[in-house]
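Everything below concerns the one structure shown next.
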Amino acid sequence: MLKKLTLLKGERQMQPADSVFMFVATALVWIMTPAIALFYGGMVKSKNVLSTAMYSFGSLAVVSVLWVLVGYSLAFSPSGNAIIGGLNWSGLHGVTFKPNADYSATIPHNLFMLFQMTFAIITVAIISGGFVGRMKFSAYLIFITAWCLLVYSPVAHWVWGVGGWLRNLGTLDFAGGNVVHISSGVAGLVLAIVLGKRKHSEAEVKHNLMLVLIGGSFLWLGWFGFNVGSALTLNNVAMTAFVNTNTAAACGMIGWTAVEWITNKKPSLSGAISGGVAGLVAITPACGFVETYASIIIGI
Numbered sequence: 010m011l012k013k014l015t016l017l018k019g020e021r022q023m024q025p026a027d028s029v030f031m032f033v034a035t036a037l038v039w040i041m042t043p044a045i046a047l048f049y050g051g052m053v054k055s056k057n058v059l060s061t062a063m064y065s066f067g068s069l070a071v072v073s074v075l076w077v078l079v080g081y082s083l084a085f086s087p088s089g090n091a092i093i094g095g096l097n098w099s100g101l102h103g104v105t106f107k108p109n110a111d112y113s114a115t116i117p118h119n120l121f122m123l124f125q126m127t128f129a130i131i132t133v134a135i136i137s138g139g140f141v142g143r144m145k146f147s148a149y150l151i152f153i154t155a156w157c158l159l160v161y162s163p164v165a166h167w168v169w170g171v172g173g174w175l176r177n178l179g180t181l182d183f184a185g186g187n188v189v190h191i192s193s194g195v196a197g198l199v200l201a202i203v204l205g206k207r208k209h210s211e212a213e214v215k216h217n218l219m220l221v222l223i224g225g226s227f228l229w230l231g232w233f234g235f236n237v238g239s240a241l242t243l244n245n246v247a248m249t250a251f252v253n254t255n256t257a258a259a260c261g262m263i264g265w266t267a268v269e270w271i272t273n274k275k276p277s278l279s280g281a282i283s284g285g286v287a288g289l290v291a292i293t294p295a296c297g298f299v300e301t302y303a304s305i306i307i308g309i
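Reminder that position 10 of the sequence shown reads as 19 in our numbering, one-by-one numbering, no gaps.
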């Protein structure tokens with residue numbers, strides 16, 4: 010009876026509207042990984058399209074399992090230290106429908122876990138753009154397993170986890186500028202340097218711009234879940250993030266197109282899409298913190 014009363018008390022703290030909001034946001038972020046497959050797939054040589062798609066879908070499968078087994082615990086468990094979380098949430102032990110006051114006071118704890126899982130998945134998928142056509146799939150599976158557990162989970166703990174050293178310093182990273190984009194960008198750069206130059210020239214890539222357009226469009230859509238959902242509730246901060254995300258993406262597209270127009274005498278579709286994605290990346294860490302005019306500057 011006491012256990013039942015405790016559960017009911019926890020459920021009364023939950024807000025159904027927030028739960029629905031976060032369910033939709035989680036689904037939107039999940040869509041971003043297949044979108045990455047399309048976005049990258051259209052930019053590479055036709056012979057590399059299927060392997061590029063497998064990189065993204067491989068991350069969906071592998072990271073999903075790793076996150077449930079131990080990744081989420083290493084990233085968010087408060088039983089660890091300033092560098093990495095503990096193992097008490099391994100296998101989602103204790104991660105239930107009941108909200109967790111430290112992370113998800115108004116939504117189910119396991120829904121928060123799933124939302125964060127989609128971040129881990131997309132971060133791994135982003136890295137694959139740095140080595141398309143230059144890494145065997147077997148090696149990729151080994152790499153993403155090690156990287157997810159040894160890099161992503163600790164970095165997520167530093168910034169977002171209770172007790173993380175950057176969180177304790179007051180670091181502000183609204184939706185993953187450091188955890189997602191800097192970590193994946195640095196990893197992609199290092200891999201590109203280690204693996205060496207590509208064998209084909211720039212003129213041989215971007216074989217299907219319609220795939221790039223479709224992928225970029227779904228990335229833009231999914232980014233609303235990525236940034237707005239990071240508020241974890243539908244409030245003024247969430248709507249600020251919504252407005253800033255779209256504004257920065259639009260300004261990134263305008264800025265890139267303008268530069269192309271000046272330097273190449275004409276804009277390109279691939280440039281416009283790349284500019285939009287660049288604007289989305291740029292606004293991510295600050296989208297819930299800055300005024301709209303700042304998102305215009307950041308996007309450009």
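Positions of the beta carbon are idealized from the N, C-alpha and C atoms, including for glycine.
Taking a C-beta distance under 9 Å as the contact criterion, Ser68 and Ser137 qualify as a contact pair. A distance of 9 Å or more separates the beta carbons of Gly285 and Trp270.
Membership of His166 in the alpha helix (DSSP H) is indicated by the continuous run Ser162 to Trp169. DSSP places Asn245 within a helical segment (H, G or I) once states are collapsed to three.
DSSP places Gly224 in the uninterrupted alpha helix (DSSP H) bounded by Leu218 to Val237. Annotation for Val33: the continuous alpha helix (DSSP H) segment containing it runs Pro25 to Gly50.
Between the stretch 223–233 and the stretch 251–258, the count of Cβ pairs shorter than 8 Å is three or higher; the stretches touch. Of all C-beta pairs linking the stretch 126–141 to the stretch 176–192, three or more are shorter than 8 Å, placing the two stretches in contact. With contacts defined by Cβ atoms closer than 9 Å, Val53 and Gly142 form a contacting pair.
Beta-bridge pairing by DSSP links Ser113 to Asn109. Judged by DSSP secondary structure, Thr127 falls within the alpha helix (DSSP H) whose first and last residues are His118 to Ile136. For the 9 Å CB-CB criterion, Ala84 and Pro163 form a contact. The stretch 64–79 makes no contact with the stretch 279–293: fewer than 3 CB pairs, one atom from each, lie closer than 8 Å. In terms of CA proximity to Leu181, Ile292 leads the group Val268, Ile292, Gly225 and Thr35. Close CB contacts of Lys215 within its chain, under the 6 Å cut and outside five residues either way in sequence, are with Met52 and Ser279 (chain order).
Contact check for Pro87 against Gly95 passes: the beta carbons are separated by less than 9 Å. The DSSP-derived three-state label of Gly95 is coil. CA-to-CA, the gap between Ala91 and Lys275 works out to about 51 Å. Shown here, Met262 sits in a helix according to DSSP, grouped into three states.
Looking at Pro294, Val268 and Val58, the one whose alpha-carbon comes closest to that of Ala240 is Pro294. Look at Leu178 here: in three-state DSSP terms it is coil, with no helix or strand label. With distances taken between CA atoms, Met23 lies nearest to Tyr112 out of Ser60, Gly197, Tyr112 and Ser82. According to the DSSP assignment, Ala295 belongs to no alpha helix (DSSP H), since it is labelled neither H nor E.
Counting other Cβ atoms within 10 Å of its Cβ, Ser55 stays below 16 and is therefore classed as exposed. The three-state secondary structure of Val141, taken from DSSP, is coil. Between Ala287 and Phe183, the CB-CB gap reaches or exceeds 9 Å.
Measuring C-alpha to C-alpha distances from Phe66 to each of Gly80, Ile40, Tyr81 and Val79 identifies Ile40 as the nearest. By the Cβ-count criterion, Met126 is buried, with 16 or more other Cβ atoms from all chains shown falling within 10 Å of its own Cβ.
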